[in-house]
Amino acid sequence: MDSTGPHPRPYHPMADRIPSLGRDPQSVRKRVEAMEALLERMFMIPGIKRQVGLDVILDALPVAGDVIGAALGGWLVWEARNLGMSKWQMARMMGNVGIDFLLGAIPFVGAIPDFLFRSNSRNLKIIRRHLDKHHPSTVTLER
0 MDSTGPHPRP YHPMADRIPS LGRDPQSVRK RVEAMEALLE RMFMIPGIKR QVGLDVILDA
60 LPVAGDVIGA ALGGWLVWEA RNLGMSKWQM ARMMGNVGID FLLGAIPFVG AIPDFLFRSN
120 SRNLKIIRRH LDKHHPSTVT LER
């Protein structure tokens, strides 16, 4: 290391995709957007052109899959709390997670409501609205 600081690492394409662990609103936005994409839009189902994520896939595991999905959805609410969102907003988000959990707990057909009721996408919309209003510098353009 010289007086100008550490030498930059060689470019790694995956490094740009990993959200930073900072607590600033921009880092939180990146993390919640990445988690929502993982849970709701991991890949496209050919033929019907509908995106599916880990939330629907976890329904293959009875009970445990629903608990894991609810815990991951609850993490989004925890991030919202760290942003200073109102209790009303967090209650709405927890309600979305609870509805998703209850609908997903229906044996054999629980994946269908999970496929249609995207609680994590709804919660991301609530978080984005808050960030756009209170932290406008975090707004990113969709690609």
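Note that the sequence shown ends on residue 142 in numbering that gives the first Met the number 0; no numbers are left out.
Even glycine gets a Cβ: it sits at the ideal position worked out from N, Cα and C.
Computed from a predicted structure; not experimentally measured.
Spatial neighbours of I98 within its chain, please: C-beta separation below 8 Å, excluding the five flanking residues on both sides. Around I98: F116 and S118.
For L130 and T137, what's the separation of their Cα atoms in angstroms? Between L130 and T137, the C-alpha separation is close to 7 Å.
Give the straight-line distance between the Cα atoms of R8 and G94, rounded to the nearest whole angstrom. Bear in mind that a pLDDT of 48 at R8, under 50, signals an unreliable position, so the model cannot answer this.
CB D54 to CB E39, shorter than 8 Å? Going by C-beta atoms, D54 is nearer than 8 Å to E39.
What number of angstroms, rounded off, separates the C-alpha of E32 from the C-alpha of Q25? Cα-Cα distance, rounded: 11 Å.
Do V96 and V66 count as a contact pair if the criterion is CB distance below 8 Å? Not in contact: V66 and V96 (Cβ atoms no closer than 8 Å).
For the candidate residues D113, N81, L37 and I44, whose alpha-carbon lies nearest to that of R22? Looking only at D113, N81, L37 and I44, the smallest Cα-Cα distance to R22 is reached by N81.
Beta-carbon separation (whole angstroms), W87 vs M34, contact threshold 8 Å: Contact between W87 and M34 is absent: CB atoms are separated by about 22 Å, not below the 8 Å threshold.
Give the DSSP-derived three-state secondary structure of F42 in the structure shown. Residue state, collapsed to three classes: strand.
List in chain order: all unbroken beta strand (DSSP E) runs of 3+ residues lying wholly within the stretch 21-92. Listed in chain order, they are 42-44 and 49-51.
Exposure label - G68; buried when at least 16 CB within 10 Å: Answer is buried; the Cβ neighbour count reaches 16.
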